[in-house]
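Just below is one structure, and these are the notes that go with it.
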């Protein structure tokens, strides 16, 4: 065969292989498969989905059911747009299912509002709760609730929470020993104000505190609840102070101390935290006063002194709005927004984290 024809034949033979390689590499660059990273305590990281019928997503939440993990988030053309719905994926051990819509903001044939901030919570009796918000913006939205009795496969009709209640506004509820569900809430119609809501019967009846802070002097929203012995702590996003803010309760959340700044920086971005089985607290946050990168994990034994445990992200971009739980096997599962394009899922072993002083 002449040399030129041989070269042409080689190119024709190899082109599909190279094309396939680069196509696969490009896809994996956007949404890589599960990997085991180098950092101590970091077990696995992956994306919840590779493709979806929406370009933008945000505000994920995660829960463990008897059948596995469930993750929800809002997705649509962009936050605040009326096509934004609540989407959900399940992982029963064979990877995440394709996202499906489980809630929208359609009111009637002529009216539709965006959905916001889903919050999943698995109750001990086996009921999976899905709280979310519907409305034109955070100052006018209202709380909604759906219930699943089959681990997230199917859902009840949506019910609207009573006026003045929004439910857990971003982060998961905290189950008290008497069965009361303590829901960390906040409102934005009169500045940024924290309030604590609770329901003793899984959403049938509701109670709440008054505002915990001045919404204009100390603007704070989106609390997480932590326990230290008989005391509860909330950690919250701050609008003005450039710090995560906190308050403490000695009566299971019925009353709270003054809301004050911690030493931890906050760029006006959501955080989440969980009380671990060993009594320590684990916080996921952006340790900066500007932007939403990096994203770190921190550990504390007393709610006052924190150490860095792990760096989740440190590249340019937005890595934000984490949700965190500890599953029955002791592992910690974190989901968060990845550049508003995908939801990332990370698994940690908290016993193996290499703790370092925060600079």
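Residue numbers (this note's numbering): 9 to 367.
Glycine included, C-beta positions come from ideal geometry on N, C-alpha and C.
Predicted model, so just to flag it, every value in this text is computed and none were measured.
Once you ignore the five residues that flank residue i on each side, which residues in its own chain have a CB closer than 6 Å to its CB?
i	result
residue 269	249, 251, 253
residue 331	68, 69, 70, 280, 343
residue 197	147
residue 75	100, 159
residue 257	240, 264
residue 305	292, 317, 318
residue 98	78, 105, 160
Which residues in the same chain have their Cβ closer than 8 Å to the Cβ of residue i, if we skip the five residues on either side of it in sequence?
i	result
residue 216	172, 173, 193, 203, 204, 205, 206
residue 85	62, 63, 64, 91, 92
residue 114	120
What is the rounded straight-line gap between the Cα of residue i and the Cα of residue j?
i	j	result
residue 49	residue 117	50 Å
residue 31	residue 259	Its pLDDT being 34, under 50, residue 31 is placed unreliably in this model, and the value from its coordinates should be taken loosely. For residue 31 and residue 259, the distance between alpha carbons rounds to 57 Å.
residue 159	residue 261	29 Å
residue 46	residue 222	44 Å
residue 350	residue 53	13 Å
residue 58	residue 96	14 Å
residue 169	residue 150	7 Å
residue 335	residue 354	13 Å
residue 362	residue 212	44 Å
residue 288	residue 190	20 Å
residue 110	residue 163	7 Å
residue 365	residue 316	6 Å
residue 283	residue 140	23 Å
residue 264	residue 102	43 Å
residue 255	residue 241	6 Å
residue 323	residue 295	13 Å
residue 298	residue 274	8 Å
residue 157	residue 133	10 Å
residue 356	residue 220	33 Å
residue 358	residue 325	26 Å
residue 155	residue 180	15 Å
For residue i, which of the options has the nearest alpha-carbon?
i	options	result
residue 165	222, 277, 363, 112	112
residue 214	273, 267, 153	153
residue 228	110, 51, 199, 325	199
residue 128	81, 311, 51, 143	81
residue 312	73, 357, 333, 235	235
residue 56	78, 72, 84	78
residue 104	124, 266, 60	60
residue 309	195, 237, 108, 156	237
residue 329	293, 267, 176	293
residue 143	306, 125, 180, 188	125
residue 226	187, 201, 295	201
residue 145	183, 134, 89, 133	89
residue 224	243, 185, 267	267
residue 123	218, 178, 98	178
residue 185	208, 167, 195	208
residue 182	218, 306, 239	239
residue 360	108, 314, 318, 325	318
residue 210	167, 358, 51, 325	167
residue 83	51, 348, 314	348
Just confirm the distance between the C-beta atoms of residue i and residue j, as a whole number of angstroms; I'd bet it's less than 8 Å.
i	j	result
residue 93	residue 66	Actually they are not in contact, since the Cβ atoms of residue 93 and residue 66 sit about 12 Å apart, beyond 8 Å.
residue 276	residue 232	That belief does not hold up - the Cβ atoms of residue 276 and residue 232 are roughly 16 Å apart, past 8 Å.
residue 340	residue 290	6 Å
residue 230	residue 278	5 Å
By Cβ distance, which residues of its chain are closer than 7 Å to residue i, with the 5 residues on each side in sequence left out?
i	result
residue 321	301, 302, 303, 327
residue 73	130, 136, 159, 160
residue 285	334, 338
residue 352	53, 55, 343, 344, 346
residue 176	127, 139, 191, 192, 193
residue 108	95, 96
residue 195	174, 201, 203
Consider the C-beta atom of residue i and the heavy atoms of the ligand GDP; say whether any pair is separated by less than 7 Å.
i	result
residue 182	With respect to small molecules bound, the structure shown includes none, and the ligand GDP cannot be examined in it.
What are the complete beta strand (DSSP E) segments, minimum 3 residues, inside the stretch 67-108?
-> Counting only runs of 3 or more, we get 76-84, 93-99.
For the stretch 335-363, list the beta strand (DSSP E) runs that are entirely contained and at least 3 residues long, ordered along the chain.
-> Those beta strand (DSSP E) runs which fall completely within the stretch 335-363 and span 3+ residues are 340-346, 350-356.
Fully enclosed by the stretch 131-213, which beta strand (DSSP E) runs are 3 residues long or longer?
-> 136-142, 150-156, 189-195, 201-207
Identify every run of the alpha helix (DSSP H) within the stretch 278-316, keeping only runs that are complete inside it and at least 4 residues long; order them along the chain.
-> none
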